[in-house]
Amino acid sequence: MNNWNRWDYRKAQPPLTFVAVVALALIVFGYLLHGFSSSTPAVMVAFKLADAANLPALTADMLALKDQCTMQGKPYIRSAVGGKQSSPEGHDGGMQVVFLVEFENQADADYYIFEDPAHTAFKDKIAGWGVEGVTVLDFVPGLF
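Residue numbers (full-length UniProt numbering): 1 to 144.
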């Protein structure tokens, strides 16, 4: 009788545990590599207006940028969402509304920030709405 007939899987737990830990580490490492290389840049924008009556117009125009901003004739903003600032912590700087705009890649984000005519027109337009404050934060999720 050879040793294979007497093999007991219960005695193999330490090696299986080791294999499981290594496999999990490889999965996490692979995810991190993939995540960092394909993370989508995002821009967070918050506004404070002198007259809250202008918020509906600002909100509509900001969200419309998702379709109005085009590159080579096609919209390039991955997603755009927004809402009323609702933090109770008291560190909002008076900002009333917040938006998060996501892009497929850094080149798209750079085009939006520095070159897009629709975005530039939006920035020029909001000056007449009594904007008292703007906070803009650009980031890539998971990249520190």
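All residues carry an ideal CB built from backbone N, CA and C; glycine is no exception.
Alpha carbon to alpha carbon, how far is residue j from residue i? Give it in angstroms, no decimals.
{"i": "Val134", "j": "His91", "result": "14 Å"}
{"i": "Pro75", "j": "Leu63", "result": "13 Å"}
{"i": "Leu100", "j": "Gln72", "result": "23 Å"}
{"i": "Asp67", "j": "Ala42", "result": "17 Å"}
{"i": "Thr85", "j": "Val97", "result": "In the sequence as displayed, the identity of residue 85 is Gln instead of Thr. Computed Cα separation, rounded: 5 Å."}
{"i": "Pro88", "j": "Thr70", "result": "37 Å"}
{"i": "Ala107", "j": "Pro56", "result": "30 Å"}
Ordered along the chain, which non-local residues of its own chain (more than five positions away) have a Cβ less than 8 Å from that of residue i?
{"i": "Thr40", "result": "Arg78, Glu102, Phe103, Glu104, Asn105, Val140 and Pro141"}
{"i": "Glu132", "result": "Lys48, Leu49, Ala50 and Gly94"}
{"i": "Ser37", "result": "Confidence at Ser37 is low in this model, with a pLDDT of 42, below 50, so its placement is unreliable and no value can be given for it."}
{"i": "Lys123", "result": "none"}
Nearest CA to the CA of residue i: which residue from the options?
{"i": "Lys48", "options": "Leu137, Leu143 and Trp129", "result": "Trp129"}
{"i": "Asn54", "options": "Phe144, Lys125 and Leu143", "result": "Lys125"}
{"i": "Leu65", "options": "Ala107, Asp108, Ala127 and Ala118", "result": "Ala118"}
Would you kindly report the start and end of the unbroken alpha helix (DSSP H) that includes residue i?
{"i": "Thr120", "result": "Pro117 to Ile126"}
{"i": "Thr40", "result": "Taken as a continuous stretch (DSSP letters only), Thr40 belongs to no alpha helix (DSSP H), as it is neither H nor E."}
{"i": "Leu143", "result": "Leu143 -> no alpha helix (DSSP H), and no H or E assigned at all."}
{"i": "Asp51", "result": "Note, Asp51: premise wrong, no alpha helix (DSSP H); not H, not E."}
Can you name, in chain order, every residue of its own chain whose Cβ lies under 7 Å from the Cβ of residue i, other than the five neighbours on each side?
{"i": "Leu137", "result": "Met44"}
Which residues bound the beta strand (DSSP E) around residue i?
{"i": "Ala80", "result": "Ile77 to Lys84"}
{"i": "Phe139", "result": "Val131 to Phe139"}
{"i": "Glu102", "result": "Val97 to Phe103"}
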